[in-house]
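Asks:
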Amino acid sequence: MLTQKLLIVDDQPEIRKMLRIALGYGKYQLYEADNGDAALAVAHAEKPDVILLDVSMPGILDGFAVCRAVKQDPNLSGTFVVMLTARGSLEDYRAGDASGADAYMIKPCTLAKLIEVVEKRENPGSPVRAYTS
Amino acid sequence: MKIISILPPHAGQAVIQDVMEDITQSIDFGDHHEQRNLICSQCLVGLLTLTPAGTVFYANPTFLKMTNLSSKEIIGKPANVLCALLEEQAEISTSRKGLIEEFISGNIVAGAASARPLHLFMKSPLNSVIELTVASSATNTESRLLYLRDVTHEAEVDRMKSEFLSHAAHELRTPMASIYGFTELLLAQEFDAEMRKDLLQTIHKQTAWLIEIINELLDISRIESRRGKDFKVEPVPVVPLVADVLSAMQIDNQRWPVKVDLPVELPTVRADVSKLRQVLINILGNAVKYSPDGGPITISGTTCKLDDKTQVSLTVTDRGIGMTEEQVARVCERFYRADTSGNTPGTGLGMAIVKEVVELLGGSVDIASAPQLGTTVTIMLPTVTP
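Protein chains in written order, with numbering that gives the first Met the number 0: chain A, 0 to 132; chain B, 0 to 385.
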């Protein structure tokens, strides 16, 4: 029974495919977007429970901008945003924190850890900068 | 009194001490002013002395220029006034007010300099970075010498290095994320044979990409560090080289019919043949990659005069997806990808390598492009006979 909605946002088709396989274990209705604009459109239409959000994407809106927009929208107050990005510098993490992200994970990370973060959804609003673990 | 010649910009602590000794001596004895003024006015480092009472006694012209202050504003003024003016010139946030005064008045062993210099990011001259060191006199620790060194260039090099590293890390992590994730999936789950093959193919493709990034990173850092010193520059006949590159690349002539239009009398260029080969491979590789629907590729060449010197210009034209003006302007930047979708393999370093190599060979690169119409890359190279 697909009881929850999860939106995967990444411009790389391989990464989307990987996340689709890893998270397709029968709990989540999965949605995908390959850029910021499309991500926001899906978010508004579907009100996902979780968004896995890449940062560097083509187009005007990067992942931080998408996260800000989601967090400012009262209709999406229940959405848990996981930044999932190869941008691992402290400045990038701070930008993610400032945009209101709930978790900050640096690629490459283990899928097991990612699933744990998605399932537990701990400490919303205060992302922990997590390298592979 | 020791006469100190014009200080080199990287004068060390020993020199600071010598200068300080000189200056404090001349303060104490009140003579040698002319010599002192001559030395200090020629000095390439900024120097300022504070009397034991803590007022500004002297500042050399370099100090005034670096800090954008005038002698009228600071000479005879107490240290806190000087520090407030310096903090105004340097970008010091209000939360760190008093930083310079604290630094200058801090405890310093007699005759020594502060262990760690302070870096000031100046508002004017714009973006300059100044390193401030404080030294105290051997005889009277209350009298101080402020020593300024312009480290703008070093700071910029440091910034570029760390930017390069973080870019490189980002580029390496992207294919690693796929390899790491897909292997984890294969280890954790059962897949049918077809799916397993598909996942392994993705891993293989991403690994190839990773290898390409590593090779190009090494190429560009080697080019950067040797600045062409390891180039074996020799006369290179262009026509056979182009033929050689084309046969090595094995471009599918059905999809990308390559037309070579090089005059047989094209002069021999001065170049490193292996580097020039790489330049041609990168340019032709892009012509193929960015013409996903296929299309003709033309290689033409001609000679022209630039500043009275004969140059060979080689032009590669494709009918591919092309680029916008903004993309053209950035295409030779390291790690810049016009297509960030991940659909086109690449590292964002190919054209950066082209530009670096061609310029080190004494040539230039010109790119003209329009979206949906295609791209023309022209490289100009010096010839053997001028």
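Heads up, the beta-carbon is just placed ideally off N, CA and C, and yes, glycines get one too.
Since I believe B:W255 is in contact with B:G293 (beta carbons under 8 Å), could you give me their beta-carbon distance rounded to a whole number of angstroms?
Replies: 6 Å
Asks: Whether or not the stretch 98–108 of chain B and the stretch 67–85 of chain B are in contact is what I'm after, with contact meaning three or more pairs of Cβ atoms, one per stretch, closer than 8 Å; do they touch?
Replies: yes
Asks: Counting only beta-carbon atoms, is B:Y179 nearer than 7 Å to chain A?
Replies: yes
Asks: Within the 7 Å Cβ cut-off, does A:P107 reach chain B?
Replies: Yes - at least one Cβ of chain B is within 7 Å of the one on A:P107.
Asks: Classify B:K354 as buried or exposed, calling it buried when 16 or more other Cβ atoms lie within 10 Å of its own Cβ.
Replies: Counting Cβ neighbours within 10 Å, B:K354 comes out buried, since at least 16 surround it.
Asks: Kindly indicate if chain B contains any beta-carbon less than 7 Å away from that of A:A85.
Replies: Nearest CB-CB separation between A:A85 and chain B: below the 7 Å threshold.
Asks: In whole angstroms, what separates the C-alpha of B:E33 from that of B:Y57?
Replies: Between B:E33 and B:Y57, the C-alpha separation is close to 13 Å.
Asks: A:I7 CB to nearest chain B CB: under 7 Å?
Replies: no
Asks: For B:V376, count neighbouring Cβ atoms within 10 angstroms of its own Cβ and tell me buried if that reaches 16, exposed if not.
Replies: buried
Asks: Would you check if there are 3 or more beta carbon pairs closer than 8 Å linking the stretch 147–156 of chain B to the stretch 61–71 of chain B?
Replies: yes
Asks: When we look at the beta-carbon of B:R269 and count the other beta-carbons within 10 Å, is it buried (16 or more) or exposed?
Replies: Under this definition B:R269 is a buried residue.
Asks: Who are the near neighbours of B:Y289 in its chain, counting only those whose CB is closer than 6 Å to its CB and skipping five residues on each side?
Replies: G319 and I320
Asks: Cβ of A:I20 less than 7 Å from any chain B Cβ?
Replies: yes
Asks: Under DSSP, the alpha helix (DSSP H) around A:A111 begins and ends at which residues?
Replies: L110 to K119
Asks: Return the chain-ordered ranges of every beta strand (DSSP E) run that is complete within the stretch 325–369 of chain B and spans a minimum of 3 residues.
Replies: 363–369
Asks: Is there a C-beta anywhere in chain A that falls below 7 Å from the one on B:E193?
Replies: no
Asks: What residues from the stretch 164–190 of chain B come within 9 Å of chain A, judged by C-beta to C-beta, listed N to C?
Replies: Residues passing the 9 Å Cβ filter: S165, A168, H169, E170, L171, R172, T173, P174, M175, A176, S177, I178, Y179, G180, F181, E183, L184, A187, Q188 and F190.
Asks: Based on Cα-Cα distance, which residue from B:C303, B:S40 and B:R172 lies nearest to B:T346?
Replies: B:R172
Asks: Assuming B:S135 is part of the beta strand (DSSP E), what are its boundary residues?
Replies: V128 to S135
Asks: Do we get a CB-CB distance below 7 Å when we pair A:L52 with the residues of chain B?
Replies: The beta carbon of A:L52 sits no closer than 7 Å to any beta carbon of chain B.
Asks: Of the residues that make up the stretch 96–121 of chain A, which ones have a beta carbon closer than 8 Å to any beta carbon in chain B?
Replies: Of all residues in the stretch 96–121 of chain A, the ones placed with a Cβ closer than 8 Å to any Cβ belonging to chain B are I105, K106, P107, C108, T109, L110 and A111, in chain order.
Asks: Excluding the five sequence neighbours on either side, which residues of its own chain have a C-beta within less than 8 Å of the C-beta of B:L348, listed in chain order?
Replies: I212, E215, L216, D218, I219, R333 and F334
Asks: Taking A:T213 as the reference, give the member of A:L51, A:Y27 and A:A37 with the closest Cα.
Replies: Given a span of 0 to 132 for chain A in the structure shown, any question on residue 213 of chain A remains unanswerable.
Asks: What distance in whole Å lies between the Cβ atoms of B:T48 and B:S142, which are believed to be in contact at a cut-off of 8 Å?
Replies: 7 Å
Asks: Relative to the C-alpha of A:G25, which residue among A:L39, A:L51 and A:K4 is closest?
Replies: A:K4
Asks: Would you call the stretch 39–59 of chain A in contact with the stretch 80–96 of chain A, where contact means no fewer than 3 C-beta pairs closer than 8 Å?
Replies: yes
Asks: Give every residue of the same chain whose Cβ lies closer than 8 Å to the Cβ of A:I36, excluding the five residues on either side of it in the sequence, and list them in chain order.
Replies: Looking at the sequence shown, residue 36 of chain A is not Ile but Asp. The answer, listed in chain order, is G58, I59 and L60.
Asks: Classify B:R221: buried if its beta carbon has 16 or more other beta carbons within 10 angstroms, exposed otherwise.
Replies: exposed
Asks: Counting only the same chain and skipping the five closest in sequence on each side, list residues whose C-beta sits under 7 Å from that of A:N122.
Replies: none
Asks: To the nearest angstrom, how far is the alpha carbon of A:D9 from that of B:E87?
Replies: Approximately 45 Å between the Cα atoms of the pair.
Asks: Where does B:S299 sit, in a helix, a strand or coil, going by DSSP?
Replies: strand
Asks: Quick one: which chain B residues come within Cβ less than 9 Å of A:E13?
Replies: P174, A176, S177, G180, F181, T201, K204, Q205 and G341
Asks: Taking the straight line between their C-alpha atoms, what separation do you get for B:A134 and A:E90?
Replies: The straight-line gap from Cα to Cα measures roughly 35 Å.
Asks: Terminal residues of the continuous alpha helix (DSSP H) containing B:L186?
Replies: T151 to A187
Asks: Name the chain B residues that come within less than 7 Å of A:S76, Cβ to Cβ?
Replies: Chain B residues near A:S76: none, gap ~30 Å exceeds 7 Å.
Asks: Do the CB positions of A:G99 and A:K70 come within less than 7 Å of each other?
Replies: yes
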